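**Q** In order, the protein sequences belong to chains B and F.
The numbering of the first sequence is my numbering, which starts it at 1 and goes up by one.
The numbering of the second sequence is my numbering, which starts it at 1 and goes up by one.
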Amino acid sequence: MEMPATPNGFRIKITDKVADIVFDLNDEKVNKLTTPVMEEFDGLIKQLAGTDDLELMVLRSGKPGIFIAGADIAEIADITDPVAGAALASKGHRILDRLVALPFPTIAVIDGACLGGGLELALACTYRIATDNPKTSIGLPEVNLGIIPGFGGTQRLPRLIGMPKALSMILSGKPVNGRKAFKLGVVDAVVPAEFATEKIAEFAGYIKSAAGRKAVLVRRNSRPFRRWLTQDNALARLVTANIACRNLMKKTKGCYPAPLKALEVIRRTLGMPLAAGLAVEAREFGELAVTPISKNLINLFYGSEALKKDKGAVIDGKPRQINRVGVLGAGVMGGGIAWNFTKADIPTRLKDLNWEAVGKGYEAAANIYGQLKKLRKYNQREIDIKMHHLSGTTDFSGFGNLDIVVEAIVEDLDIKRKVLAELAEHVPEDTIIASNTSTLPITELAEGLPHPERFIGMHFFNPVNRMPLVEVIPGKETSPETIAAVVALSKRLGKTPIVVQSCPGFLVNRLLLPYLSEAVMLLQEGVSPKDVDRVLTGFGMPMGPFTLLDEVGIDVAHKCAVVLAAAYGERMANATLLECMCEDHHLLGKKGGNGKGFYLHQGKKQVLNPDLPAIVGDWREANNISPRQCSDADILDRCLLTMVNEAVRCLDEGIVADPVHLDMAMIMGIGFPPFRGGLLRYADELGAEHIWTRLYELAEKYGDRFKPCERLQQMTRNQREFYNETVR
Amino acid sequence: MKERIAIIDGIRTPMCKAGGVFKDIQADQLGAWIVTELIARSEIDPALIDELIMGNVGNPTHAMNIARVIALKAGLPQGLPAFTVHRNCGSGNEALTTAAAKIQAGDGDIYIVGGTESMSSMPLLYGPRMTEFFANLVKSKTLSQKLGVISKFRPSFLKPVIGIVQGLTDPVCGLIMGKTAELLAREFHITREEQDRYAVESHKKAAAAIESGRLAEEILPIPVPSCYKAVQEADDGPRDNQSMDALGKLRPYFDRHNGTVTVGNSCPLTDAAAAMLVMSETKAKELGLTPIGFLRGYAYAGLEPQRMGLGPIYSTVKALDRSGMTMSDIELVELNEAFAAQAIANLRAFDSDEFAARYFGRHHKVGAIDPAILNVNGGAIALGHPVGMTGARLVITTLKELHRRNCNVGLATMCIGGGQGGALLLEAA
């Protein structure tokens, strides 16, 4: 017996006492559990509950690669009242309770993405079967959006697989594949995707017998007493929770409430009856859903989805297919960039001045693979094959058929110009030439180059294997085809590209350097680096400005600061102490033989450089600056509002197309805390008026460089925000 | 009209003594680096290549049909067929001559050919008794069966067969290669002193060729795994301070009491790979490619396994006859120096009317080889002889040297374990 599809895409067929339900949400790419969908599902369950003579229900998805991707994020984003949020969760609980209460067994067949609410629905089925399809991805990623599972995940998952394994899944939010899900006990079988139909029938037959059913239950939990003893009793739960809490605090520094709340809920409710536990889950879900952190994370999620679709430029047809690439310069960046190309299985020609230098590039790439091998991402066989994509040279042989060459040589305008001109003689006139420069203006670099429409900036961040951002910087003459090709290539490399118009420092460094310089100004005035770092990490930055300066290299930062000061004038505070440190005292930061900078980096602990007070004291004397106090609030605002002020100028000048691009760039480029939603989101939180007032105060106290820019004044007058509404 | 076989370019890795710099590198890795480089620098569209043929003697079990493994690791399309050839020390050139035959037959136009060898990786093998022991152990199911098998174990089972020794020993005449050189030393009355002197010459020429940068023109520097920091740029066999004194200290290796052949006047075991891009002349013109030379003719000849060292003269006679040429046409010679005794034996045979009469039925000697045109950049005694690769290297080095000297015709020839010789007649472009 077959019924027509319901308005939301459920199709039921009843044959031989088995109800086969296929869910294919109409007019949507993915299956999601919106309120209408849940209500319809509820109706379906009630209908089946009333049907005579049913022995089994099988629930599948009609969308290839997707089971159910989760609840409707838009609905969660719209929650403004914790009570409404709790009600949404409770409604889901009741519907799934009715699913559990069906008088016959139910099997969820998971082929594809099964996340959040989708997994919670599957957990309410009697059995779960997963396929080994590489797209099969099973998890509860709610914490990534600042909430906890709200459809029973915090209750059903720990009761099914035990607290430690459930915590690991829920607190990390990381999904697992079919095979891993089977190992964990989340699913009862993992079957080859191509034989799913036969295997489901086999399983259905298996569970008809009592022995079969018992075997499945035994597999899930072969030693119930032992599990209770080691995991589920109150003391064990407390100990596990303590350890998990400590790890969470270390990772999130308490800035992200959702995983901590999930941990607390699970710890408290595991021993309770299910109904009571579900009530706790609903309440806490409602509370978290209205937090600004959750709203921020959801908006970032939308922002990154939008960025994924962004092609960077409008062109006819598809972007240029990249088959072979070249990298000029086998230093730290060149080696990392070459690694990235080999990882994407693209033949890469790596050139440097001599073979010793080329060897260092190979070494850099091999080291990164070595790290990945330790993390079990690649085995040696796979690494060997990837390293074979590299070929080295000290001349331009092999450059005549390359689609793109990335230049990553020394950061010097004249040298780059010379090398780029030489390169242009050896590559076809339509080969894209991309420079990894961090400070040099793209249009100037392109000067004199034949066919400047193929020249572009492609700025990777250090270290290449861990920083996901690439700034794509067109020059005045760069063609849209070149932009689109480099954007597409960056995505192929696993990076997130953001198109940024050329200006000194581009986007990230243009905002970062003034922030770092301001921190040094604070030091010049007598504030301890430890205090500054404390305030900023308290704000949520992954490391404080002085730690970051030591990471990046004090000389590198100084060089960049000089370029920006020359370009932008007075407002880019030129903290000359930096110059004094790297040039007079040879303090370069983490790199360099002695690992000395603002901190000493020998061994694991980070200790303030004991020579620093004397150096600063001398500098102050030489420059006739007397020390002064600075409150924590001033420290924070001096550093952050400098960035905000500059960011607003960037928006005004059209350096980025969109506030969301700017925020994502700062999150990915310098680790601006995601829970705050981004630099401009934070600015909206403060409000233009507050920022404007504060900047004027700081200008009075500390110098004209703080004067708010024109646009901030306009925004205050017109009561505008950067984000007018939530991006969808 | 027969197609001329154009050799567009060739390149090789440095040749490194076995157990040294390349000891942890497998032959397929060496081959893949070379083929990758060949494809990159020739800028040829991989889709145009018809097949890849590689010579390899060791045939490592982790890379069965090593040519195919090399092709895939070098990033060539999965649709490209590939196979491995084995003619012992002539494998590197067998790859080339096989491709030439296919081009003549119209099977294809464009081939990648070469040879690779990792003599460092030639395995120690379990003997048949130990192998049988393992097999029986796996077959036995019950504890008592297993115990029964174990009780039959004897320590003598553990004695390994040294793969490389076994490989270098002729199974028909029972002589290891070095002993065949001793035979030739006796047949041609070649003294220990003469052999050592020849060896010193080889080292001197090789060292000079390295110093002058001539050899660098055919070598691809290799960043060495697993750190990749050290880059091997040159062959590490040649010693510019090789001397009669140093060589004189060595004891004969293959015949302790009366022998003359030592490790110093023999070629060392070596690891390396080489490859060439070859195509029909028509194709080269079509693609606008300038070859470095042509394969004018070739021949393989057989002789008694115990005198395999004379392979060069036997095969050269055949090749010259086929091409209608004589030794006086040859302006440059690469004659592989498996052993000084073997090389000298050939030189004497080439210069002997009596030898020509006795073995080839002709009145006059085949034609003396002027030492000034022989192995001018050093030979295997200094550089090494990675058995599957040498044939390819000899072709590359001959063609490049012909260009340097502005000469036209060269001969590359080698003795082949098992009792064969190979000779290739090469023409500069």
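Glycine included, C-beta positions come from ideal geometry on N, C-alpha and C.
Keep in mind the model is a prediction, meaning the values are calculated, not measured.
Can we say the segment 493-504 of chain B touches the segment 299-314 of chain B, given the rule of at least three CB pairs closer than 8 Å?
**A** Cβ pair count under 8 Å is three or more, so yes.
**Q** Between glutamate 363 of chain B and chain F, is any beta-carbon pair separated by less than 8 Å?
**A** Yes - at least one Cβ of chain F is within 8 Å of the one on glutamate 363 of chain B.
**Q** Identify each residue in the segment 34-58 of chain F for which the Cβ-Cβ distance to at least one residue of chain B is less than 7 Å, and report them in chain order.
**A** Result list: Thr36, Glu37, Ala40, Arg41, Glu43.
**Q** Let me know if asparagine 594 of chain B comes out buried or exposed under the rule of 16 or more other beta-carbons within 10 Å of its beta-carbon.
**A** So asparagine 594 of chain B ends up on the exposed side.
**Q** If you reduce the DSSP assignment to three classes, tell me which class serine 61 of chain B lands in.
**A** DSSP places serine 61 of chain B in strand when its eight states are reduced to three.
**Q** Which bits of chain F does valine 358 of chain B rub up against, with CB to CB less than 9 Å?
**A** By Cβ distance, chain F contributes Pro221, Pro223, Val231.
**Q** Could you name the residues of the same chain whose beta carbon sits closer than 8 Å to that of arginine 728 of chain B, not counting the 5 residues immediately before and after it, in chain order?
**A** Any answer about arginine 728 of chain B is weak, because its pLDDT of 35 lies below 50 and its placement is not dependable; what the coordinates show is given next. Excluding residues within five positions, the ones whose Cβ falls inside 8 Å are Ala74, Tyr302.
**Q** Would you tell me roughly how many angstroms separate the C-alpha atoms of alanine 797 of chain B and alanine 241 of chain B, rounded to the nearest one?
**A** No statement about residue 797 of chain B is possible, as the shown extent of chain B runs from 1 to 728 and does not include it.
**Q** Could you give the residue range of the alpha helix (DSSP H) that holds glycine 248 of chain F?
**A** Element bounds for glycine 248 of chain F: 244-248.
**Q** Just the C-alpha distance for isoleucine 738 of chain B and glycine 152 of chain B, rounded to the nearest angstrom, thanks.
**A** Here chain B covers residues 1 to 728 and nothing more, so residue 738 of chain B does not appear.
**Q** In whole angstroms, what is the alpha-carbon distance linking asparagine 258 of chain F and arginine 192 of chain F?
**A** C-alpha separation (whole angstroms): 10 Å.
**Q** Excluding sequence positions up to five away, which residues of its chain have a Cβ less than 6 Å from the Cβ of aspartate 196 of chain F?
**A** The answer, listed in chain order, is Met244, Leu247, Asn265.
**Q** Note down the Cα distance separating proline 224 of chain B from glutamine 145 of chain F, rounded to an integer number of angstroms.
**A** Their backbone Cα atoms lie some 40 Å apart in a straight line.
**Q** Please report whether the beta-carbon of lysine 283 of chain F lies at a distance below 8 Å from any beta-carbon of chain B.
**A** Judged by the 8 Å Cβ criterion, lysine 283 of chain F is not in contact with chain B.
**Q** At the level of alpha carbons, what is the spacing between aspartate 28 of chain F and threonine 116 of chain F?
**A** Computed Cα separation, rounded: 7 Å.
**Q** Any Cβ of chain F within less than 8 Å of the Cβ of proline 514 of chain B?
**A** No, proline 514 of chain B lies away from the interface with chain F (no Cβ there is under 8 Å from its Cβ).
**Q** Could you spell out the range, first to last residue, of the beta strand (DSSP E) harbouring cysteine 114 of chain B?
**A** 113-115 is the extent of the beta strand (DSSP E) around cysteine 114 of chain B.
**Q** Name the residue from B:Lys295, B:Met57, B:Ala89 whose alpha carbon lies nearest to the alpha carbon of phenylalanine 203 of chain B.
**A** Comparing Cα positions, the closest option is B:Met57.
**Q** For histidine 586 of chain B, count neighbouring Cβ atoms within 10 angstroms of its own Cβ and tell me buried if that reaches 16, exposed if not.
**A** So histidine 586 of chain B ends up on the exposed side.
**Q** Applying the 10 Å Cβ sphere with the 16-neighbour rule, what's the burial state of isoleucine 415 of chain B?
**A** So isoleucine 415 of chain B ends up on the exposed side.
**Q** In chain B, what lies closer than 8 Å to glycine 75 of chain F by C-beta?
**A** Pro347, His388, His389, listed in chain order.
**Q** Return no unless some Cβ of chain F is closer than 8 Å to the Cβ of tryptophan 355 of chain B.
**A** Yes, because at least one Cβ of chain F sits closer than 8 Å to the Cβ of tryptophan 355 of chain B.
**Q** With distances taken from CA atoms, which of B:Leu96, B:Met715, B:Glu481, B:Val472 is nearest histidine 459 of chain B?
**A** Taking only the C-alpha atoms, the option nearest histidine 459 of chain B is B:Val472.
**Q** Given a threshold of 16 other Cβ atoms within 10 Å of its Cβ, counted over all protein chains shown, does aspartate 16 of chain B qualify as buried or as exposed?
**A** Label assigned to aspartate 16 of chain B: exposed.
**Q** Give me the DSSP bridge partner(s) of threonine 413 of chain F.
**A** Answer is F:Leu335, F:Ala423, bridged to threonine 413 of chain F.
**Q** Can you confirm whether alanine 82 of chain F, when its beta carbon is compared against all beta carbons of chain B, has any partner nearer than 8 Å?
**A** No - not a single Cβ of chain B is within 8 Å of the one on alanine 82 of chain F.
**Q** So which residues of chain F does isoleucine 385 of chain B contact, with C-beta pairs closer than 7 Å?
**A** By Cβ distance, chain F contributes Lys73.
**Q** With distances taken from CA atoms, which of B:Gly505, B:Lys701, B:His558, B:Ile200 is nearest arginine 628 of chain B?
**A** For the residues B:Gly505, B:Lys701, B:His558, B:Ile200, the minimum Cα distance to arginine 628 of chain B belongs to B:Lys701.
**Q** I want to know whether the segment 283-291 of chain F touches the segment 387-396 of chain F - three or more CB-CB distances under 8 Å.
**A** As far as the Cβ criterion goes, the segment 283-291 of chain F does not touch the segment 387-396 of chain F, which means the pair count is below three.
**Q** In three-state terms, what does DSSP make of tyrosine 723 of chain B?
**A** Reduced to three states, the DSSP call for tyrosine 723 of chain B is coil.
**Q** With 8 Å set as the bound, which would you pick, yes or no: does the beta-carbon of asparagine 299 of chain B sit closer than that to a beta-carbon of chain F?
**A** No, asparagine 299 of chain B does not count as interfacial toward chain F.
**Q** Step through the CB atoms of chain B and report whether any lies within less than 8 Å of the CB of cysteine 227 of chain F.
**A** For cysteine 227 of chain F, the answer is yes, since a Cβ of chain B falls inside 8 Å of its Cβ.
**Q** Would you give the residue range spanned by the beta strand (DSSP E) that methionine 279 of chain F belongs to?
**A** Start and end: 270-280.
**Q** CB-CB under 6 Å to alanine 357 of chain B, same chain, minus the five flanking residues each way: which ones, in chain order?
**A** Result list for alanine 357 of chain B: Ala330, in chain order.
**Q** Verify whether the separation of the beta carbon atoms of proline 158 of chain B and tyrosine 127 of chain B is less than 8 Å.
**A** No, these two residues do not count as a Cβ contact at 8 Å.
**Q** Classify aspartate 637 of chain B: buried if its beta carbon has 16 or more other beta carbons within 10 angstroms, exposed otherwise.
**A** So aspartate 637 of chain B counts as buried.
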